[in-house]
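Peer 1: Pasting a structure below so you can have a look.
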Amino acid sequence: MTRVEFYERGKRSPIATVPNAGGVPSPGQMISIRKVTWMVYSVAWAVDVASPDVYDPDPTLRCNIDLVKP
Numbered sequence: 095m096t097r098v099e100f101y102e103r104g105k106r107s108p109i110a111t112v113p114n115a116g117g118v119p120s121p122g123q124m125i126s127i128r129k130v131t132w133m134v135y136s137v138a139w140a141v142d143v144a145s146p147d148v149y150d151p152d153p154t155l156r157c158n159i160d161l162v163k164p
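Residue numbers for the sequence shown follow the working numbering, so the first one is 95 and each next one is one higher.
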C-alpha cells in the first residue's frame, strides 16, 4: 500500500494523511476532505526508505498531493 499526504499548495504541513491508500487521485480531480472540496493540482512520488535496514526494514512509497480550492 501507499502512504498519501494531502497538502494545500504552498503549505508545509499536510491537511490529511492516509497511511495505507489503495488509490491516488489524478490532477484535475475533485476530493472532499473534512467537508471541504479541493481540486488535485499535482501528484509527486517519493521513496522514503530506499533499501531495507535494521531500523526500518520496509521500504515506503509515499505520494504527496498538492491541492487548491476550485
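All residues carry an ideal CB built from backbone N, CA and C; glycine is no exception.
In this structure, how does DSSP classify Ser107 when only helix, strand and coil are distinguished?
Peer 2: In the structure shown, Ser107 sits in coil (DSSP, three-state: anything other than H, G, I, E or B).
Peer 1: Among Thr154, Ser120 and Asn158, which has the Cα closest to the Cα of Ala138?
Peer 2: The residue with the shortest Cα to Cα distance from Ala138 is Asn158.
Peer 1: So, Met133 versus Val112, is the Cβ gap smaller than 8 Å?
Peer 2: For Met133 and Val112, no; Cβs fall outside 8 Å.
Peer 1: What do you get for Val141, buried or exposed, if any count of 16 or more other CB atoms within 10 angstroms of its CB means buried?
Peer 2: It counts as exposed.
Peer 1: Determine the burial state of Val130: buried for a count of at least 16 other Cβ atoms within 10 Å of its Cβ, exposed for fewer.
Peer 2: The residue is exposed, with fewer than 16 neighbouring Cβ atoms inside 10 Å.
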